[in-house]
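Q:
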Amino acid sequence: MEIINDEVYKKWHETYVKCTTEKEKVESAMTKTILKLQKHDSFLDIGAGDGDLTFRLAKFFKKTAVVEPNKQVKNIFESKGIEFINGYFETVAFGKQNFDFILCSHVFWLVKREKQAGFIKKIYSHLAPNGKMAIIMVSPFGQSHDFYKKFFFGYSTTTHDILKDLHDMGISAEVVPISFNFKTKSFNDFFNICKLFTLESWLHPVNISDDKIKKEIGNVDKYTELKLKEIADFIDGNCARNGEYIMNEEIDVLVIAKE
5 MEIINDEVYK
15 KWHETYVKCT
25 TEKEKVESAM
35 TKTILKLQKH
45 DSFLDIGAGD
55 GDLTFRLAKF
65 FKKTAVVEPN
75 KQVKNIFESK
85 GIEFINGYFE
95 TVAFGKQNFD
105 FILCSHVFWL
115 VKREKQAGFI
125 KKIYSHLAPN
135 GKMAIIMVSP
145 FGQSHDFYKK
155 FFFGYSTTTH
165 DILKDLHDMG
175 ISAEVVPISF
185 NFKTKSFNDF
195 FNICKLFTLE
205 SWLHPVNISD
215 DKIKKEIGNV
225 DKYTELKLKE
235 IADFIDGNCA
245 RNGEYIMNEE
255 IDVLVIAKE
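In our numbering, the protein residues as written are 5 to 263.
1. Are there 16 or more other CB atoms within 10 angstroms of the CB of T19, so buried, or fewer, so exposed?
2. From A61 to I106, what distance separates their C-alpha atoms?
3. Based on the DSSP output, what are the partners of I89 in its beta bridges?
4. Following the continuous beta strand (DSSP E) through I140, name the residue where it begins and the one where it ends.
5. Kindly list the residues whose CB is nearer than 7 Å to the CB of L143, restricted to its own chain and excluding five residues on each side of it in sequence; keep chain order.
6. Under 8 Å: do the stretch 18 to 37 and the stretch 66 to 75 share three or more Cβ pairs, one atom per stretch?
7. Taking just the CA atoms, how far does G55 sit from Y13?
8. Taking the alpha helix (DSSP H) that T58 belongs to, which residues open and close that run?
9. In terms of alpha-carbon separation, which member of N134, A132, D165 lies closest to K121?
10. Apart from the five residues just before and just after F156, which ones in its own chain have a Cβ nearer than 8 Å to its Cβ?
11. Taking the alpha-carbon of I50 as reference, which of F65, S32, K126 has the nearest alpha-carbon?
12. Taking K36 as the reference, give the member of K136, N246, V111 with the closest Cα.
13. What are the partner residues of F103, as DSSP defines its beta bridges?
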C-alpha cells in the first residue's frame, strides 16, 4: 500500500512551511556561524531534502554541493548551480575534497547508532582548516521530543549521544538551542503535518530492514491505521488550544570547529 507519494508529500510539506518559523530561525543561527568563518569557498549540505535551507545559505559561498538520496530533486539543485551528489553520505567518496562549512540537518535517524561515530569522523575529516560543521537534531526534551519518541522509528539518538561521541574523539562543540512552533486552525492540516513527520520513518528501508522494527510493524496497513489513530489522539490531548492546534518544537544545533 502506498501511503504517501511525492505529490502528497509536497502538499503536506508546503502546509508545514506556511505555519512554522523553523527555516527562518535556523537560517538566522546558521548565518551567524557562517559569517564567522575565515573562508567562504565551499559548502556541503548532507541530506538537503527540498533544498529550502540550502538555497538560503548557498549565497554565502562560491561553491555549494549537496548529498541527497532522492534523485528526483537533482534538477532543482542543478538549475541553481549547485552540485548534486546522489547517494548516502557514508558511501560517497570525496577523496581529498574539503569544505569550509558542512551542514547535517536531521539526518542521524537514518544512521544506525553503532555507525554514528564513524559518520561524524567522516564529516570532520572533510572540513577545511578553520572550517565548521553544524549538526541539527531534535532536542531531548519538550513537546516535539515526546511526539517523536512515541511515533518516529529511528528516534533514539539524542544530542547527548552525539556530544558523547564528540567527547570521545576529543572534539568540542557549541550547543545552540532553537525554539519555535507550528500551528494551524485546521485539525486536518495539523494531522497531515504530523503524518509528514512520521510516515517516512515507518517505511524507510533503514527501518524496514531492522528485524525488531519489522516484527513490531507486522501488517503495514493495520499498523498504519492504529498509529494514525494514536497520532490523532495525541493531537487532541496535547496540541488543541483555544480553537487552534499548536506544537512547540525544540532543536539543538551542534557547531563544531576544526582548528
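In this text, a Cβ means the ideal position worked out from N, Cα and C, and glycines have one as well.
A: This is what the structure gives:
1. By the Cβ neighbour-count rule, T19 is buried, with 16 or more other Cβ atoms within 10 Å of its own.
2. Here residue 61 is Leu; the residue named in the question, Ala, does not match the sequence. L61 and I106: Cα-Cα distance of roughly 11 Å.
3. I89 has V71 as its beta-bridge partners, per DSSP.
4. In the DSSP annotation of this structure, the continuous segment of the beta strand (DSSP E) that includes I140 starts and ends at 131 to 142.
5. Residue identity differs from the one stated: residue 143 is Ser in this sequence, not Leu. Once the five neighbours on either side are set aside, the close Cβ partners of S143 are H149, T163, P181, E254, I255, D256.
6. By the Cβ test, the stretch 18 to 37 is not in contact with the stretch 66 to 75, since fewer than three Cβ pairs between them sit closer than 8 Å.
7. Computed Cα separation, rounded: 15 Å.
8. Per DSSP, T58 belongs to the alpha helix (DSSP H) from 56 to 62.
9. Checking the sequence, you will find Ala at residue 121 rather than Lys. Nearest C-alpha to A121: D165.
10. Excluding positions up to five away in sequence, the list reads W113, F201, T202, S205.
11. Closest by C-alpha distance to I50, out of F65, S32, K126, is K126.
12. With distances taken between Cα atoms, K36 lies closest to K136.
13. Beta-bridge partners of F103 (DSSP): L131.
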